[in-house]
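I have placed the structure first, in the form of structure tokens, so that the comments after it can refer back to it.
In the numbering used here, the protein residues as written are 942 to 1119.
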């Protein structure tokens, strides 16, 4: 089976079917469905030994120019128990390995493009400018902050200061100018 897919003897001589299996590539045919637009098709080949799901998704995003614009769901064609083709979601590297084993002679993929869903939490939100935020929240005045600190400072001075020479020395750093 590997010789038929690979097309002949192994490159190293010695008839290593396992070596030939490692060098095998899998042909991939992808059908992209996006809403009411006509389907698009792409074909390419990958090496199943080095192709992960992330790599395959990157290849597809570049092939169909989906870079960061939209999300998509990927599935592969497999035969069900009645021998009919059905599309199975491709969600992990294990699913991809299973898809590669079903890929005789070609791995058929379906790419369903979805626009990113809008968050229902943001539907009721209004977009406002920084100017509107500044108008809504008054900035406390500096004078009112100092006035709030004045009773505390006076109480502290009353506790620390005692009649005598040390009063001027202790209260000098704690005086506020209003």
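Built from N, CA and C at the ideal position, the CB exists for glycine as well.
Only a predicted model underlies this, so the values are computations on that prediction, with no experimental measurement involved.
*How should residue 1051 be labelled, buried or exposed, when 16 other C-beta atoms within 10 angstroms of its C-beta is the threshold for buried?*
Start at 1 with the first residue of the chain shown, and residue 1051 comes out as number 110. Buried.
_Straight-line gap, residue 976 to residue 1054 (C-alpha atoms, nearest Å)_ = Counting from 1 along the chain shown, the entry for residue 976 is found at position 35. Counting from 1 along the chain shown, the entry for residue 1054 is found at position 113. Roughly 8 Å between the two C-alpha positions.
*Would the beta-carbon of residue 998 be found less than 8 Å away from any heavy atom of the ligand ATP?*
Ligands in the displayed structure: none, and consequently the ligand ATP is not present.
_I believe residue 985 touches residue 996 by the beta-carbon criterion, under 8 Å. Please report the beta-carbon distance rounded to the nearest angstrom._
Residue numbering aside, residue 985 sits at position 44 when the chain shown is read from its first letter. Residue numbering aside, residue 996 sits at position 55 when the chain shown is read from its first letter. Actually they do not touch by this definition, with Cβ atoms about 12 Å apart.
*Compute the beta-carbon to beta-carbon distance between residue 987 and residue 1014, rounded to the nearest angstrom, for a pair I have assumed lies under 8 Å.*
The sequence position of residue 987 within the chain shown is 46, counting from 1. The sequence position of residue 1014 within the chain shown is 73, counting from 1. Not really, about 19 Å apart at Cβ, beyond 8 Å.
*For residue 1039, which three-state DSSP category applies?*
Taking the chain shown and counting its residues from 1, one reaches residue 1039 at position 98. Reduced to three states, the DSSP call for residue 1039 is helix.
*residue 1020 (DSSP reduced to helix, strand or coil)*: Here residue 1020 corresponds to residue number 79 of the chain shown, with the count starting at 1. The answer is strand: DSSP assigns residue 1020 an E or B state.
*asked:* I want to see whether chain D comes within less than 9 Å of residue 1034, judged by CB atoms only; does it?
replied: The chain labelled as chain D is not found in the depicted structure, where only one protein chain is given.
_For a test of the three-state rule: what should DSSP assign to residue 1051, helix, strand or coil?_
Indexing the chain shown from 1 puts residue 1051 at position 110. Residue state, collapsed to three classes: strand.
*Under the DSSP definition of a beta bridge, which residues are partnered with residue 989?*
If you number the chain shown from 1, residue 989 lands on position 48. Residue 989 pairs with nothing; no bridge assigned.
*asked:* Do residue 1016 and residue 1028 count as a contact pair if the criterion is CB distance below 9 Å?
replied: What you label residue 1028 is simply residue 87 of the chain shown in a count that begins at 1. What you label residue 1016 is simply residue 75 of the chain shown in a count that begins at 1. Closer than 9 Å, so yes.
*From 1034, 1045, 1031 and 983, residue whose alpha carbon lies closest to that of residue 1003*: What you label residue 1003 is simply residue 62 of the chain shown in a count that begins at 1. The residue with the shortest Cα to Cα distance from residue 1003 is 983.
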